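Last residue of the sequence shown: number 266 in this note's numbering, and the count goes up by one each step with no gaps.
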Amino acid sequence: MANDAEIKSKAKDEGGFLETVKVVVQALLIALVIRTLLFQPFNIPSGSLIPTLLIGDYLFVSKYTYGYSKHSVPFSPPLFNGRVWAAEPKRGDIAVFKLPSDNSTDYIKRVIGLPGDRIQMIDGVLHINNQAVKRERIADFTTTDPWGRTAPAIQYRETLPNGVSHNIIEREGDTGTFDNTPVFTVPAGHFFMMGDNRDNSLDSRDRSVGYVPFENFVGRAEIIFFSIDEGASAWRIWEWPWTVRWNRLFTTIK
13 MANDAEIKSK AKDEGGFLET VKVVVQALLI ALVIRTLLFQ PFNIPSGSLI PTLLIGDYLF
73 VSKYTYGYSK HSVPFSPPLF NGRVWAAEPK RGDIAVFKLP SDNSTDYIKR VIGLPGDRIQ
133 MIDGVLHINN QAVKRERIAD FTTTDPWGRT APAIQYRETL PNGVSHNIIE REGDTGTFDN
193 TPVFTVPAGH FFMMGDNRDN SLDSRDRSVG YVPFENFVGR AEIIFFSIDE GASAWRIWEW
253 PWTVRWNRLF TTIK
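Encoded structure:
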C-alpha cells in the first residue's frame, strides 16, 4: 500500500506534466493567433523577384494589411467568402497570394495592375493605361544563368505611376518571352502581379497565373529577418559566418 509520500510525489508528477501540457497548448494557440492575424514567415525558393528578393531570403508577411479572407487561416478552410476589414493592395506592394488555379500554392510577386487598369509590355517596357512606365538604366546586376554560371543582367530603376521605385532586371534584354504582350485589362476585384526578374517570372502575364482575386491575397511582405546563400543550409549553424547574408538581415522590403 502506497504511503502518503508516494501519493504526494505521484500527484506532483502528474500536476507537473499537466502544467507542461497547458503551457505548450497556450504557446501553440498564441503562435496560431500571431500567424493568422499578425505575421507569417515565408522563405523565397525562386528567383522571380531578383534583385529585390533573393533565393534564401526569409521574410515576414503582415496578415492584417489587406484584411482577412479564408486564405488568412492555415489550409484555407471555407469559413467565409470575400474579406473582412479589407484594404486593397497598393501598386508596388510585394504580396503573397494563393495561386488562382488551385487556391493553395503560395506565390509572391509585385502588384502592378489595379482593377480596371490596362497593362501591356512593349519591347520590355511596362505600359500602364497606355503610358510607358519610367525606367532608368543603372549598373548591371550579377546573377546566374540557367547553367549556374555568374553572368551580368541588365538592370533598370523602374518608377510606377504612384511614385514607387524599385529595381528590375532583364536577363534577356528586351526580347524575352513576356517582353511583348497583348493588352491585359484587369477585371474588377482582381490585380495584375509581376516579378522584378522580368525574364524569369511566371506571373499574371501567363495564363497559368492570370489575374489574382483580392480574396486570394495572404499579406504584404514587410521585412527580411534572415537570409542565407543560395544552396546553403540554414540548419548548418557552424557555416553561418560565411553563408549568412548579414547585410540583408532586418531590411525592409520595398
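From the three backbone atoms N, C-alpha and C, an ideal C-beta is built for every residue, glycine too. Remember, it's a predicted structure, so these values are computed and weren't measured experimentally.
Return the bridge partner residues of residue i from the DSSP annotation.
| i | result |
| --- | --- |
| histidine 83 | For histidine 83, which the question treats as bridged, DSSP gives no partner whatsoever. |
| tyrosine 70 | Asn55 and Phe238 |
| alanine 99 | Alanine 99 is not bridged to any residue. |
| aspartate 118 | Lys110 |
| threonine 156 | Thr162 |
| threonine 263 | Ile236 |
| tyrosine 168 | Arg149 and Ile180 |
With burial defined as no fewer than 16 other Cβ atoms inside 10 Å of the residue's Cβ, what is the status of residue i: buried or exposed?
| i | result |
| --- | --- |
| leucine 50 | exposed |
| valine 230 | buried |
| valine 195 | exposed |
| aspartate 157 | exposed |
| threonine 154 | exposed |
| glutamate 170 | buried |
| isoleucine 180 | buried |
| serine 245 | exposed |
Three-state secondary structure (DSSP) at residue i?
| i | result |
| --- | --- |
| glutamate 182 | strand |
| leucine 138 | strand |
| phenylalanine 229 | strand |
| threonine 32 | helix |
| isoleucine 249 | helix |
| valine 256 | strand |
| valine 198 | coil |
Going by the beta-carbon positions, is the gap between residue i and residue j smaller than 7 Å?
| i | j | result |
| --- | --- | --- |
| phenylalanine 204 | isoleucine 124 | yes |
| glutamine 167 | isoleucine 150 | yes |
| serine 58 | arginine 232 | no |
| leucine 267 | arginine 103 | The structure shown has nothing for residue 267, since the chain only spans 13 to 266. |
| threonine 264 | isoleucine 240 | no |
Alpha carbon to alpha carbon, how far is residue i from residue j?
| i | j | result |
| --- | --- | --- |
| glycine 185 | aspartate 135 | 9 Å |
| phenylalanine 300 | aspartate 191 | Residue numbering for the chain in the displayed model covers 13 to 266; residue 300 lies beyond these limits and cannot be assessed. |
| serine 213 | leucine 138 | 14 Å |
| histidine 271 | lysine 121 | For the chain, the structure presents residues 13 to 266; residue 271 sits outside this window and is missing. |
| isoleucine 67 | phenylalanine 87 | 25 Å |
| phenylalanine 226 | valine 33 | 39 Å |
| methionine 206 | glutamate 31 | 49 Å |
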